[in-house]
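To start, the structure itself, in structure tokens.
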Ligand code: GDD
Ligand code: MN
């Protein structure tokens, strides 16, 4: 009796249009990224790089470090560059500080006077207008001979061969930009997210370019910036950079053999929402920007990658929200199946990978809403 009652209830639940729609949305929400991940891992990742490396290429490299209150890290950051295996005579470092009030400038000056064998330039802004503004200003101070510019953060620590490895890729004229894979000093969800994320970025790069690059290590051919300019919309100093270079018709790749470590600092929530805002900005602005400038070049493969990532960042998170709303509505209407599914969905949160995914969706959703009134050009740590 009881069994037939349950079966009857379940059958009725299955005709509930809210529940059915919720299920379809959930399948699409979880299915598309899984399918994309699978495709990237099995079809793209194993591909060779298809890049012609010239081991003798020794370009002049400019490293740009924007700083705002980086007293804690700036000297170790400068050491980190100083101890790269690349010839110091070929490196110039530009620190652009935006009126830090924690002694950053003094620490840079001190370090400079103790390391006179490397070309260090310090530019002081009188006011803080954000990282993008600072970078645009620093670009005016890049020496004429510069062949490669590497943008970085004060708290990003490169492995000692980072420059040498990056310039090897850039020795192929079809490569416009190279970004590193990021890991964190601390264990935890941030690293779970990164391992999934790095795999996709590297796999996409094997096909031509990845639309999302990493601010802690962005190497680019200087002549491209001279010819086409540096994009000046918010977020362009970070993730969008890869897309911009790819839209110019060059390969923009994240590589697996350059590792950069970062500490997790400040509020995770605020940082993740800000980065998500910049990602959303990327998918809204970069293509339009390149077209408006008249520099956009069509690349069939990159368009596919771009569209997939556009879907994953802009549309897909909202399917989860809709599915959840409909599921809760079904629960309120007394559906047993909906209650069970909601329970399973919540129980899965004990799995790290699932929890990381759900958190990322939440950040993207909050970021999308927040983007309506602020672009996060200046931020607190
Ligand atoms: N000159 C200058 N002026 N530098 C700034 C300013 C500013 O107003 N604001 C931040 N910076 C510097 C920081 O000192 C640091 O060197 C770098 O920009 C990155 O800032 P963090 O505070 O460390 O931010 P993050 O760790 O979340 O950085 C990531 O996200 C940013 C975009 O949200 C990285 O990917 C960055 O490259 C990216 O710009
Ligand atoms: Mn940082």
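In my numbering, the protein residues as written are 104 to 484. In this text, a Cβ means the ideal position worked out from N, Cα and C, and glycines have one as well. Note that the coordinates shown come from a computational prediction; the quantities given were computed from them, not determined experimentally.
Would you identify the three-state DSSP class for residue i, choosing helix, strand or coil?
i, result
"residue 227", "strand"
"residue 354", "strand"
"residue 233", "coil"
"residue 108", "helix"
"residue 321", "strand"
"residue 148", "coil"
"residue 182", "helix"
"residue 337", "coil"
"residue 260", "strand"
"residue 170", "strand"
"residue 254", "strand"
"residue 461", "helix"
"residue 289", "coil"
"residue 238", "helix"
"residue 116", "helix"
"residue 514", "Since the first and last residues shown for the chain are 104 and 484, residue 514 lies out of range."
"residue 365", "strand"
"residue 417", "helix"
"residue 301", "helix"
"residue 175", "coil"
"residue 213", "helix"
"residue 164", "strand"
"residue 279", "strand"
"residue 479", "coil"
Contact check, residue i vs residue j under 8 Å by CB: the rounded distance?
i, j, result
"residue 320", "residue 389", "Not quite, the Cβ-Cβ distance comes to about 19 Å (not below 8 Å), so this is no contact."
"residue 174", "residue 205", "4 Å"
"residue 267", "residue 188", "6 Å"
"residue 119", "residue 433", "6 Å"
"residue 138", "residue 430", "Not confirmed; about 22 Å, so no contact."
"residue 422", "residue 131", "6 Å"
"residue 194", "residue 221", "6 Å"
Just to confirm before moving on: does the CB-CB distance between residue i and residue j stay below 8 Å?
i, j, result
"residue 341", "residue 318", "yes"
"residue 479", "residue 314", "no"
"residue 117", "residue 425", "no"
"residue 305", "residue 358", "yes"
"residue 400", "residue 345", "no"
"residue 297", "residue 286", "yes"
"residue 170", "residue 257", "yes"
"residue 347", "residue 393", "yes"
"residue 364", "residue 260", "yes"
"residue 227", "residue 208", "yes"
"residue 368", "residue 482", "no"
"residue 339", "residue 235", "yes"
"residue 354", "residue 295", "no"
"residue 265", "residue 312", "no"
"residue 245", "residue 225", "no"
"residue 415", "residue 136", "yes"
"residue 356", "residue 272", "yes"
"residue 467", "residue 420", "yes"
"residue 328", "residue 262", "no"
"residue 485", "residue 122", "It is not possible to answer for residue 485, since the shown part of the chain is limited to 104 through 484."
What residue from the options has the CA that sits closest to residue i's CA?
i, options, result
"residue 202", "216, 217 and 172", "172"
"residue 469", "396, 131 and 383", "383"
"residue 163", "247, 125 and 215", "247"
"residue 281", "298, 251, 194 and 447", "251"
"residue 166", "270, 158 and 233", "270"
"residue 214", "234, 185, 191 and 233", "185"
"residue 146", "307, 428, 452 and 397", "307"
"residue 413", "111, 387 and 110", "387"
Would you say residue i lies against chain C (beta-carbon separation less than 8 Å)?
i, result
"residue 208", "Here there is only one protein chain, and chain C is not present."
Taking any heavy atom of the ligand MN as the mark, which residues have a C-beta closer than 6 Å to it, listed down the chain? Result (chain order): 256, 258 and 365.
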